[in-house]
Amino acid sequence: MTLEASALQGRLCALLGADSVLTEPGDCAPFLVDHLGRCRGRARAVVQPRSTAQVAQVLELCDAERIGVVPHGGNTSYCGGPIPDDSGNQLVLSLRRLNRIRSVDPDNYSLIAEAGCLLAQVQAAAEAAERFFPLSIGSQGSCQIGGNLSTNAGGVNVLRYGMTRDLVLGLEVVLPGGRVLDGLTTLRKDNTGYDIKSLFLGAEGTLGVITAASFRLFPQIRVRATALAAIGEVRAAVRLLAQLRAASGERVSSFELIPRVGIELTSRHIPGVSDPLATAHPWYVLCELSSSRPGEPLDEVLEEALAAALADGVVLDAVVVRSERERAALWKLRETIPEAQRHEGASLKHDISLPVASLPDFVARAAAWVATHVPEGRLVAYGHVGDGNLHFNISQLPGTDRERFLARAAEIRRAIHDLVREFAGSFSAEHGVGRLKVGELERYASPVELELMRAVKRGFDPHGIMNPGKVLREP
Ligand code: MLT
Ligand code: ZN
């Protein structure tokens with residue numbers, strides 16, 4: 166054990182001020198459990214620095230004293246990345262007070278935000294400058310942009326704009342030991358050696374602490390057309406997407422798959438959600454076209470494409486929204502599926518991706534496996550089908566035993582992820598590795614990949630203080 170608890174507390178208080186160091190159990194509690202209650206830990210303290218310089222002081226101290234540091238954002242992640250282990254030796258570093266938009270440059274289509282800004286705050290800052298920041302996820306009112314960067318978050322606009330990584334121009338990062346990588350460039354082209362910033366994106370705080378980022382912005386969206394289309398099978402979703410992309414001149418910005426059970430669960434558990442179509446169908450896609458060109462007739466484009474798809478049997482029924490209220494209702498239906506699943510009972514989550522064209526065969530095989538081997542659960546597979554990313558979740562059936570269902574998690578995960586590998590997919594499309602999927606990375610990454618990842622970890626963090634045990638077990 167390094168520094169005594171009281172000595173560490175004294176040093177931290179001297180660096181940051183006493184009001185920035187939490188040690189009372191009640192104050193620390195929210196930082197020690199994830200939002201699903203699946204990951205818990207203990208910590209020496211929770212610190213809440215107010216500036217990059219203070220983050221640097223904390224990392225200098227912790228590196229010298231070999232104290233593990235767990236960066237913590239909005240705590241909306243699914244893999245336990247921001248939760249310390251149960252040793253009680255680690256320090257949680259909350260970024261919530263680094264919450265300034267440092268600058269917005271509409272002419273350069275760029276913006277600089279600190280890590281603790283809420284995603285919704287970044288979107289609003291862009292909007293106020295008549296620009297668009299496209300990262301959009303269900304938790305945008307509470308997740309922090311630093312966490313989005315650290316997990317390379319995805320969401321509902323990836324199809325058009327890419328993952329968080331694709332939106333980043335530069336980063337400011339505090340390294341273990343306290344040096345600051347000052348890389349807040351807003352350049353679009355910069356071929357000067359290794360792309361160091363890229364290593365921090367998706368590293369989940371294991372290489373350093375991202376304190377700010379410069380982002381690319383886009384023209385503000387002026388027109389949208391949104392529809393819910395009912396389909397009979399996943400293959401129809403893949404065909405409809407291909408047709409819509411071609412017919413709309415690449416205006417498709419979201420293309421989300423919803424299973425029938427998604428409508429049933431949200432209608433049951435979420436006030437204000439109901440089935441917008443008259444009859445039930447096995448699957449649905451929520452598709453949205455968008456454009457920055459005022460007056461572009463996207464409703465017409467969407468209606469024509471859906472009419473053609475109805476005529477040739479790809480689509481079985483469809484509703485195109487007529488107002489912002491109707492649009493919000495459709496998005497609510499989609500975005501509250503995870504919440505509705507929580508109300509229904511325990512669920513086993515699998516955040517997988519596959520080549521889009523392989524999705525129908527994968528879903529057929531995997532759904533058959535679930536039906537045979539998991540009679541106490543039912544498949545709730547939904548998500549970003551346009552990106553080949555499904556949340557292939559299994560919800561406990563009402564009346565079944567929660568603990569017994571959860572006890573099968575590892576066995577079920579293994580079967581599903583092995584099948585994903587057979588289809589050349591990924592076991593983590595957008596939720597990261599955290600601490601829950603460390604074993605999966607060891608199983609599915611190649612020895613060469615693992616060797617390179619460990620070398621990067623050792624190079625950036627030789628004393629292993631950054632979010633220990635996350636992504637990689639101790640190197
Ligand atoms: C979503 O797309 O709704 C989220 O990524 C959450 C989930 O996995 O359920
Ligand atoms: Zn998702």
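Okay, so the sequence shown: first residue is 166 according to the numbering used here, each after it adds one.
Glycine included, every Cβ here is placed at the ideal spot set by N, Cα and C.
For residue i, collect the residues of the same chain with a Cβ closer than 7 Å to its Cβ; drop the 5 residues on either side in sequence, then sort them by chain order.
| i | result |
| --- | --- |
| S457 | P384, Q385, I386, R387 |
| R499 | E421, I423, L451 |
| V186 | Q174, L177, C178, A210, V212 |
| L382 | Y274, S275, L276, A291, R296, F297, F298 |
| E541 | Q561, L562, T565, F570 |
| G342 | L224, E225, D228 |
| G671 | This structure gives no information on residue 671, because the portion of the chain shown stretches from 166 to 640. |
Does the ligand MLT have even one heavy atom less than 8 Å from the beta-carbon of residue i?
| i | result |
| --- | --- |
| E189 | no |
| N322 | no |
| N632 | no |
| I277 | no |
| H237 | no |
| E500 | yes |
| H582 | no |
| Y547 | yes |
| Y359 | no |
| N558 | yes |
| P462 | no |
| P424 | no |
Spatial neighbours of residue i within its chain, please: C-beta separation below 6 Å, excluding the five flanking residues on both sides.
| i | result |
| --- | --- |
| L288 | Note that residue 288 is Gln in the sequence shown here, rather than Leu. Cβ neighbours of Q288 beyond the five flanking positions: F298. |
| H237 | F196, P247, V257, S259 |
| G306 | A285 |
| G312 | G238, G239 |
| R207 | D251, G253 |
| A368 | none |
| L406 | F420, G551 |
Can you list, in chain order, the residues of its chain with a C-beta nearer than 8 Å to that of residue i? Leave out the 5 residues immediately preceding and following it.
| i | result |
| --- | --- |
| F380 | S275, L276, I277, A278, V287, F298, L332, V333, L334 |
| A574 | L513 |
| L314 | A280, T329, V333, L336, F365, L366, I375, A378 |
| L181 | V212, Q213, P214, R215, Q219, Q222, V223 |
| W534 | A580, I581, L584 |
Return yes when the C-beta of residue i is under 8 Å from any heavy atom of the ligand ZN, and no when it is not.
| i | result |
| --- | --- |
| E595 | yes |
| N554 | yes |
| D516 | yes |
| I232 | no |
| H508 | no |
| G370 | no |
| V319 | Val is not the amino acid found at residue 319; the sequence shown has Gly there. Yes. |
| I302 | yes |
Tell me whether the beta-carbon of residue i lies closer than 9 Å to the beta-carbon of residue j.
| i | j | result |
| --- | --- | --- |
| E453 | A390 | yes |
| R600 | K635 | yes |
| A511 | L571 | yes |
| F588 | P520 | yes |
| L471 | R416 | no |
| A474 | Q408 | yes |
| G373 | L226 | no |
| R433 | P447 | no |
| L662 | L637 | In this structure the chain extends from 166 to 640, so residue 662 is not present and cannot be described. |
| V269 | P249 | no |
| A594 | N554 | yes |
| T431 | T350 | no |
| V399 | P271 | no |
Whose C-alpha, out of the options, is nearest the C-alpha of residue i?
| i | options | result |
| --- | --- | --- |
| T241 | H200, Q219, P249, I577 | H200 |
| G590 | R490, I517, Q219, A532 | I517 |
| Y449 | L481, P436, K354 | L481 |
| E568 | N554, G629, L513 | L513 |
| I630 | P214, G233, A183 | G233 |
| Y243 | R262, G319, T188 | G319 |
| G604 | G624, R203, P627, R578 | R578 |
| V438 | E491, V321, R507 | E491 |
| L324 | T350, A411, S419 | S419 |
| N317 | R353, L340, K362 | K362 |
| L442 | P459, G624, G414, V485 | V485 |
| A229 | R433, E465, P627 | P627 |
| E639 | E189, N356, R619 | R619 |
| E576 | A529, V539, E189 | V539 |
Round the Cβ separation of residue i and residue j to the nearest angstrom and send it over; I've been treating them as touching at under 8 Å.
| i | j | result |
| --- | --- | --- |
| E607 | S560 | With a Cβ gap of about 28 Å, E607 and S560 do not count as contacting. |
| V656 | G427 | One cannot answer for residue 656 here, as it falls past the ends of the chain, which runs 166 to 640. |
| R404 | V479 | 5 Å |
| N264 | G281 | 4 Å |
| V550 | A402 | 5 Å |
| A394 | A483 | 4 Å |
| T444 | V345 | At roughly 59 Å, the Cβ-Cβ gap does not stay under 8 Å, so T444 and V345 are not in contact. |
| G303 | P503 | 7 Å |
| Q309 | R267 | With 8 Å as the limit, Q309 and R267 do not qualify as a contact, their Cβ atoms being about 15 Å apart. |
| L340 | F625 | 7 Å |
Using a Cβ cut-off of 9 Å (strictly closer), state whether residue i contacts chain C.
| i | result |
| --- | --- |
| E639 | The question asks about chain C, but that chain is absent: this structure has only one protein chain. |
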